[in-house]
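Colleague:
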Amino acid sequence: MAVLVTGGAGYIGSHTVAALAERGEEIVVIDNLEQGHRDAVISGKLYVGDLRDESFVEGVFKENNIDAVIHFAANSLVGESMTNPGKYYHNNVYGTLCLLEAMNKHGVKSIVFSSTAATYGEPENVPINESDRTVPTNAYGETKLAMEKMMKWFDTAHGIRYVSLRYFNAAGAHESGRIGEDHTPETHLVPIVLQAALGKRSHISVFGDDYATEDGTCVRDYIHVSDLADAHLLAVDRLRRGEASAIYNLGSGQGFSVKQVIDIARAVTEREIPVVLEQRRSGDPAVLIASSEKARTELGWKPKRDKMEDIIRSAWQWHLSKPEGYGDR
Ligand code: UDP
7 MAVLVTGGAG
17 YIGSHTVAAL
27 AERGEEIVVI
37 DNLEQGHRDA
47 VISGKLYVGD
57 LRDESFVEGV
67 FKENNIDAVI
77 HFAANSLVGE
87 SMTNPGKYYH
97 NNVYGTLCLL
107 EAMNKHGVKS
117 IVFSSTAATY
127 GEPENVPINE
137 SDRTVPTNAY
147 GETKLAMEKM
157 MKWFDTAHGI
167 RYVSLRYFNA
177 AGAHESGRIG
187 EDHTPETHLV
197 PIVLQAALGK
207 RSHISVFGDD
217 YATEDGTCVR
227 DYIHVSDLAD
237 AHLLAVDRLR
247 RGEASAIYNL
257 GSGQGFSVKQ
267 VIDIARAVTE
277 REIPVVLEQR
287 RSGDPAVLIA
297 SSEKARTELG
307 WKPKRDKMED
317 IIRSAWQWHL
327 SKPEGYGDR
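Shown next as structure tokens:
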């Protein structure tokens, strides 16, 4: 039986493909390569195409013996989702509908879903629990929440069970050095800080230092991408055991401020990282920290690479060895 990974050429998808390969799973990847990279798929069979293309998806399900799906394929830029929400509803929500329809047609009953802390919006508690209210503050988070809810109704009607994993801030790179983070445009803190360390950017812009946090900059919960990948495998195992649908936060439970991240990156890289203070970025909550107790108890998930220095060091190895990323843009 094969695991279908949609968006398997993207950042978290490709690390999950690597983890699936390490335990000997048969892997099928669908990616339209709009953001993904062919070279990021280090194992499995890659089909280049779009989930909204019904005959293409039909062909993939017919040619392979798929028993579980891990669904990453989506647009994920918060800023873009605010200026072009239609693109996010079309690709993320309609794309997921097409996927679930194909799963239903072919009797595939298990799906692990790549969700996000952005489904919560402004948090009501620190750390955030899965039962907290979900009021997204941007269209990206709203589409991810809509996708989760769609899965709930496909479970009720058709018995397609799901595990939705709400990630906090993914960072780091695979220990092999073969795969890592390469977005165009890059918007995430850790890769931008490291590009500044490499001299590929003149500086890092810090978006606001007047938040109600210890040093005034935003606090986030960073988790190593390979630890996220491991959680997807545990979620597949849960579904294969026939257990019920569930939603889990994935984070370290520890917060680091933007300034702390920059300081750790300076120590790890031993390079200068110039900082320019800028206005707050709209829609940024001051503090986002996960409670991952539920994933730890129910999935048996335990992040292994939980030191922030090590997470940044692994990302730095990747940036040093591949300063141009995959080099395909
Ligand atoms: N951030 C920043 N400068 C940048 C990119 C990000 O100050 O160039 C801040 C951002 O405001 C947020 C934190 O770093 O508080 C993490 O942002 P990122 O985009 O990496 O992840 P998010 O928390 O938005 O998912």
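Take 7 as the starting number for the sequence shown in my numbering and just add one per residue. No residue lacks a Cβ here, since even glycine has one placed at the ideal position from N, Cα and C. The model shown is predicted, which means the values in this text are computed figures rather than measured ones.
#1: If residue 79 sits next to residue 13, beta carbons under 8 Å apart, how far is it from one beta carbon to the other, in whole angstroms?
#2: If the criterion is Cβ atoms closer than 8 Å, does the pair residue 58 and residue 100 meet it?
#3: Looking at C-alpha atoms only, which residue of 299, 81, 43, 331 is the closest neighbour of residue 237?
#4: So, at 7 Å on beta carbons, what are the nonlocal neighbours of residue 136 in its own chain, with the 5 sequence-adjacent residues on each side left out?
#5: I need the boundaries of the alpha helix (DSSP H) containing residue 110, first residue and last residue.
#6: Assuming the contact rule is C-beta atoms closer than 8 Å, residue 143 and residue 289 should be a hit. Round their C-beta distance to whole Å, please.
#7: Could you compute how far the alpha carbon of residue 185 sits from the alpha carbon of residue 61?
#8: Report the residue from 203, 190, 52, 96 whose alpha carbon sits nearest the alpha carbon of residue 150.
#9: Among 285, 280, 233, which has the Cα closest to the Cα of residue 306?
#10: Taking the straight line between their C-alpha atoms, what separation do you get for residue 187 and residue 327?
#11: Just to check, is the beta-carbon of residue 224 closer than 7 Å to a non-hydrogen atom of the ligand UDP?
#12: Examine the Cβ distances between the segment 271–282 and the segment 114–128 and report whether three or more of them are shorter than 8 Å.
#13: Just to confirm the assignment, what range does the alpha helix (DSSP H) spanning residue 317 have?
#14: For residue 24, does the count of other Cβ atoms within 10 angstroms reach 16, so buried, or fall short, so exposed?
#15: Which runs of the alpha helix (DSSP H) at least 4 residues long sit entirely within the segment 13–45? Give them in chain order.
#16: Would you identify the three-state DSSP class for residue 196, choosing helix, strand or coil?
#17: Within its chain, find whatever has a CB closer than 6 Å to the CB of residue 54; leave out the 5 residues flanking it on each side and keep chain order.
#18: Helix or strand or just coil, what does DSSP make of residue 158?
#19: Answer yes or no: do residue 77 and residue 120 have a C-beta to C-beta separation smaller than 8 Å?
#20: For residue 180, which of helix, strand or coil comes out of DSSP?
#21: Sorted by chain position, which residues of the same chain lie with C-beta nearer than 7 Å to residue 309's C-beta, five sequence neighbours on each side aside?
#22: Nearest CA to the CA of residue 227: which residue from 22, 90, 243, 124?
Modeller: In brief:
#1: Here residue 79 refers to the residue found at position 73 of the sequence shown. Here residue 13 refers to the residue found at position 7 of the sequence shown. The Cβ separation is near 3 Å, so the contact holds.
#2: Residue mapping note: residue 58 aligns to position 52 of the sequence shown, counting from 1. Residue mapping note: residue 100 aligns to position 94 of the sequence shown, counting from 1. Contact: yes.
#3: Here the question's residue 237 lines up with position 231 in the sequence shown. Out of 299, 81, 43, 331, 299 has the C-alpha closest to the C-alpha of residue 237.
#4: Counted from its first residue, the sequence shown places residue 136 at position 130. Taken in chain order, the residues that qualify are 253, 254, 255, 300.
#5: Here residue 110 refers to the residue found at position 104 of the sequence shown. Here the alpha helix (DSSP H) through residue 110 covers 101–112.
#6: Here residue 143 refers to the residue found at position 137 of the sequence shown. Here residue 289 refers to the residue found at position 283 of the sequence shown. Yes, they are in contact, since the Cβ atoms of residue 143 and residue 289 sit about 5 Å apart, within 8 Å.
#7: By 1-based counting over the sequence shown, the position of residue 185 is 179. By 1-based counting over the sequence shown, the position of residue 61 is 55. Rounded to whole angstroms, residue 185 to residue 61 spans 31 Å at the Cα level.
#8: Here residue 150 corresponds to residue number 144 of the sequence shown, with the count starting at 1. Of 203, 190, 52, 96, the residue nearest in Cα terms is 96.
#9: Within the sequence shown, numbered from 1, the residue matching residue 306 stands at position 300. Ranking the options by Cα distance to residue 306, first place goes to 233.
#10: Locating residue 187 in the sequence shown gives position 181, where the first residue counts as 1. Locating residue 327 in the sequence shown gives position 321, where the first residue counts as 1. The alpha-carbon atoms of residue 187 and residue 327 are separated by roughly 12 Å.
#11: As a working mapping, residue 224 is identified with position 218 in the sequence shown. Yes.
#12: no
#13: Here the question's residue 317 lines up with position 311 in the sequence shown. Where residue 317 is concerned, the enclosing alpha helix (DSSP H) stretches over 314–327.
#14: Within the sequence shown, residue 24 is the residue found at index 18, counting from 1. Classification of residue 24: buried, given that the 10 Å Cβ count is 16 or more.
#15: 17–28
#16: For this step, residue 196 is matched to residue 190 along the sequence shown. Looking at residue 196 - three-state DSSP - the assignment turns out to be helix.
#17: For the purposes of this step, residue 54 is taken as residue 48 along the sequence shown, with counting starting at 1. Around residue 54: 39.
#18: Numbered from 1 along the sequence shown, position 152 holds the residue referred to as residue 158. DSSP places residue 158 in helix when its eight states are reduced to three.
#19: Within the sequence shown, residue 77 is the residue found at index 71, counting from 1. Within the sequence shown, residue 120 is the residue found at index 114, counting from 1. Cβ distance < 8 Å, so residue 77 and residue 120 count as in contact.
#20: The residue given as residue 180 occupies position 174 in the sequence shown. Looking at residue 180 - three-state DSSP - the assignment turns out to be coil, as it is neither helix nor strand.
#21: Along the sequence shown, one-based indexing puts residue 309 at 303. Answer for residue 309: 229, 230, 233, 258, listed in chain order.
#22: The residue you call residue 227 lines up with position 221 of the sequence shown. Answer by Cα proximity: 124.
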